[in-house]
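Here the structure comes first, spelled out in structure tokens, and everything after it is commentary.
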Amino acid sequence: MAVADAIQSVDLVETSLRELNRRLHAADAAPQWRVAHPDGAHAVAVGIDAEIEVDVDGHVGYYCAGMNKRATVRVHGNAGVGLAENIMSGTVVVDGYAGQSCAATGRGGLVVVRGDASARCGISMKGVDVVVQGSVGHMSAFMAQKGCLVVCGDAGEALGDSIYETRVYVRGAAHSLGADCVEKELRDEHVAELRALLDRAGVAGAEPAEFRRYGSARKLYTFDVDNAGAY
Amino acid sequence: MCGIVGLFAKRPDVEERLGALLGDMLGQMADRGPDSAGLAVYRDPAPAGSTKLSLHSEDPGEDWSVLGAGVAVHASHAVVVLDGEADDVVARVRGELPHLRVMSAGTRIEIFKEIGDPRRFVERFDLASMAGSHGLAHTRMATESKVTTEGAHPFSTGLDLCLVHNGSLSNHNRLRRMLRREGVAFQTENDTEVAAGYLEWRLREGDTLQAALEACLVDLDGFYTFAVGTADGFAVLRDPIACKPAVMAESDDWVAMASEYRAIAVLPGADAAEVWEPAPAQVYSWERRGDREASPVARPLAETGA
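Quick mapping for you: the protein sequence lines, in order, are chains A and B.
Position in the first sequence (from 1) plus 797 gives the number in the working numbering.
Position in the second sequence (from 1) plus 19 gives the number in the working numbering.
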């Protein structure tokens, strides 16, 4: 086996975070990486733009896999604030919990959280798909514009406040809905979309028909055609 | 910013190393609060009928020996156990040695705090030598008031009680005026001292710690993650918006809280500990059960889960 094909192991006790990220950003980065001892470090595996796979063994701090493009980043532990912030494409999977603002402003790709995600999950998401196997905290999908947020557990207060075109699917209870967020009919195309998302996320034991769909009532100021010329 | 760490020992060998572990945790949070650092540690109960005081002097040449042979000097601070009930002892010290600042009073609590790099604080106060049942520590990035020793955290909130805070309060001036009318004394213009005074007032009015913290949710306007130390444990509360971070973890050996997980990662067995984010507007507390000298056992009063 050529050296370039071997799994590259990086121990953050021995190697600096900047050095790890520099190697992941290199044009000839190896296809598979294993990162040991993240110990809650911030900005682990941010800004990758390559079709590589990175497995992180342990808990990470803030902004892990932020701005990710094309790569698959798997965290075998919990993640702190801002997991996969502004993800463009690729896949980010966290085995444990995710902190606040998971997948914030994400434009594409898939973010999967096996445990719970905290407050503001999917805030201002712009095309990313987010699948949370547990529950999400308050103000999730706040001002969410595009993509899907799938919650297999419950959702906290003010779900989908000021939401635009993101589709939100919740299997459990939504504590309350934010301004202009309403429950909508779960039609066949939504069941199909959900099934595909759950499959992609590797979620077993959740049936699409068990979910409720939420989205925008399109009643806020921005949706009123009379305001179209205001700016 | 600001950083908070807290550690509660569930085993005697962790008690032996409590200060060293808290020092390691504090070092991880130094970047969150480079202005000042402070520690509240609970240990060595004072005998019945006596009171333990933590005192601070601005004078590097302070002659602490006037307090008696039992005084323990820690850099700019000293800890002394004096005969008498707390109110009398504090009044006596303030009367006879008015240049000293009383940082804490009670039976188990000791508070040390100072301006400057938190890592320097850990060395200067030799945290590695301190055993204890539990403790809280703080690194400060000042926003609402000056960088001074008295503006550093923890703030004492009454006998054996202390508060550390990450965040800022918006209505502290109005609350301070109200609390002054209620007879609560303040030494600074600091917002956290107002939260400490508020808790002291609620407890004096008969609230339990749980009820006093829940009252904070109604009366305090602003951002906060609070950690409150008591003689037997500690409690954690985040405001309902929960902008300020907090992580909690529990292993067979300890319970810990911190602003970020990297402060918990330095603890032995952190890899295997249960780790979670405390939910907003919910009080989490731990205390030792039963006989104070018995082997401590953690008791979560609230459900764990994000």
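Glycine is no exception: its CB is placed at the ideal position from the N, C-alpha and C atoms.
G241/B is not a Cβ neighbour of S175/B, given a cutoff of 7 angstroms.
Using a Cβ distance threshold of 7 angstroms, N875/A and V294/B count as a contacting pair. Nearest neighbour of E115/B by Cα position, chosen from A91/B, F131/B, V85/B, turns out to be V85/B. Classified as buried, D926/A has 16 or more neighbouring CB atoms from the shown chains inside 10 Å of its CB.
Rounded to the nearest whole angstrom, the C-alpha separation of C235/B and T227/B is 13 angstroms. With distances taken between CA atoms, G934/A lies nearest to I920/A out of K943/A, A1027/A, Q942/A, I920/A. About 5 angstroms separates the Cβ atoms of G906/A and G887/A, confirming a contact at the 8 angstroms cut-off.
For F140/B, the enclosing alpha helix (DSSP H) stretches over residues 137-143. Counting along the chain, no alpha helix (DSSP H) covers D78/B, and no H or E run does either.
For the 7 angstroms CB-CB criterion, T70/B and L101/B form a contact. For E293/B, none of the residues of chain A pass the 7 angstroms Cβ criterion, the least Cβ distance being about 10 angstroms. DSSP lists no bridge partner for A215/B.
Rounded to the nearest whole angstrom, the C-alpha separation of V853/A and F140/B is 34 angstroms. For A39/B, none of the residues of chain A pass the 9 angstroms Cβ criterion, the least Cβ distance being about 18 angstroms. Taking 7 angstroms as the cut-off, the Cβ atoms of V99/B and A282/B do not count as close.
Excluding the 5 residues flanking it on each side, L817/A has same chain C-beta neighbours closer than 6 angstroms at V807, in chain order. Cβ neighbours of R867/A within its own chain (closer than 7 angstroms, five residues either side excluded): D846, A847, E848, S886, G887.
Its chain contains D977, V979 as the residues whose beta carbon lies nearer than 6 angstroms to that of A1014/A, once the 5 sequence neighbours on both sides are disregarded; these appear in chain order. Nearest Cα to K981/A within the set V967/A, G1002/A, A989/A, E811/A: V967/A. Scanning its chain for C-beta atoms nearer than 6 angstroms, with the 5 sequence neighbours on each side dropped, one finds around G950/A the residues G931, S932, G969, in chain order.
Burial check for P264/B: the Cβ neighbour count within 10 Å reaches 16 or more, so the residue is buried.
When DSSP states are grouped into helix, strand and coil, G905/A belongs to the coil group. Counting along the chain, the unbroken beta strand (DSSP E) around A156/B starts and ends at 153-159. Scanning its chain for C-beta atoms nearer than 6 angstroms, with the 5 sequence neighbours on each side dropped, one finds around V909/A the residues V890, V928, A998, in chain order. Within chain A, G877, V878, G896, Q897 have C-beta atoms less than 8 angstroms from the C-beta of P264/B, given in sequence order. D836/A has a beta carbon lying within less than 7 angstroms of a beta carbon in chain B. By the rule that beta-carbons nearer than 7 angstroms mark a contact, R281/B touches chain A.
A Cβ-Cβ distance of about 6 angstroms is found for the pair L58/B and G154/B, placing them in contact under the 8 angstroms criterion. Residues of chain A whose Cβ lies closer than 8 angstroms to the Cβ of D290/B are, in chain order, G855. Looking at the backbone, the Cα of A39/B and that of L983/A are separated by about 56 angstroms. The continuous beta strand (DSSP E) containing Q829/A extends over residues 829-833. Sequence-distant partners of A833/A (beyond 5 residues in either direction) whose C-beta falls short of 6 angstroms from its own C-beta, in its chain, are D808, D854. For V870/A and Y61/B, the gap between their C-alpha atoms comes out near 43 angstroms. For the pair G202/B and W220/B, the Cα-to-Cα distance works out to about 9 angstroms. At a cut-off of 7 angstroms between C-beta atoms, G1026/A does not count as an interface residue with respect to chain B. Your pair G957/A and A941/A checks out as a contact, with CB atoms roughly 7 angstroms apart and the cut at 8 angstroms.
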